[in-house]
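Student:
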């Protein structure tokens with residue numbers, strides 16, 4: 001578990017996730033995508049909730065990222081558009097809240113992305129990415 005409170009924490013966590021994925025045998029492209037998902041989802045919590053508790057499990061097969069905060073939660077319009085599979089990266093609601101583009105990127109790069117509001121306030125985002133093996137170097 002890691003507590004993130006600043007954008008620099010988000011970037012550092014993304015870089016660490018990428019390195020851990022590479023050490024677990026992921027190919028470079030997929031490891032970079034994991035790093036971006038970590039940065040986008042944690043940065044969203046820092047921006048809208050002042051920080052988050054982050055849990056990240058990585059092995060050769062997959063990564064599971066949980067980002068939980070105590071902010072205002074996700075707006076109903078965003079959750080509705082996610083359920084319908086619609087883009088949340090544009091529209092008047094995005095401009096009013098500043099939400100959307102980062103979450104849309106995380107959704108595109110993740111194999112699964114679930115967003116939920118927590119009882120009593122706050123939000124949780126869970127992203128699952130399936131890893132991929134590096135190609136053997138020809139000798």
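Residue numbers (my numbering): 1 to 139. Heads up, the beta-carbon is just placed ideally off N, CA and C, and yes, glycines get one too. Predicted model, so just to flag it, every value in this text is computed and none were measured.
1. For the segment 15 to 46, which segments carrying the alpha helix (DSSP H) assignment without a break, of at least 4 residues, lie completely within its bounds, in sequence order?
2. Under the assumption that residue 63 contacts residue 21 (Cβ atoms under 8 Å), give the Cβ distance between them as a whole number of angstroms.
3. Residue 109 and residue 33 - do their beta-carbons sit closer together than 8 Å?
4. For residue 9, which three-state DSSP category applies?
5. Looking at the unbroken alpha helix (DSSP H) that takes in residue 70, where does it start and where does it end?
6. What is the residue span of the alpha helix (DSSP H) that residue 105 lies within?
7. Consult DSSP for residue 118 and reduce its assignment to one of helix, strand or coil.
8. Check whether the segment 36 to 49 touches the segment 75 to 84, taking contact to mean three or more Cβ pairs, one atom from each stretch, closer than 8 Å.
9. Alpha carbon to alpha carbon, how far is residue 86 from residue 17? Give it in angstroms, no decimals.
10. Would you give the residue range spanned by the alpha helix (DSSP H) that residue 76 belongs to?
11. Please name the residue, chosen from 117, 68, 106, that lies closest to residue 75 on a Cα-to-Cα basis.
12. Here's the rule: buried if 16 or more other CB atoms are within 10 angstroms of the residue's CB, otherwise exposed. What is residue 107?
Tutor: The structure says:
1. none
2. 7 Å
3. yes
4. Taken through DSSP and simplified to helix, strand or coil, residue 9 comes out as helix.
5. Segment: none, residue 70 is in no alpha helix (DSSP H) and carries neither H nor E.
6. 101 to 109
7. coil
8. no
9. 28 Å
10. From DSSP, the alpha helix (DSSP H) with residue 76 extends over 76 to 84.
11. 117
12. buried
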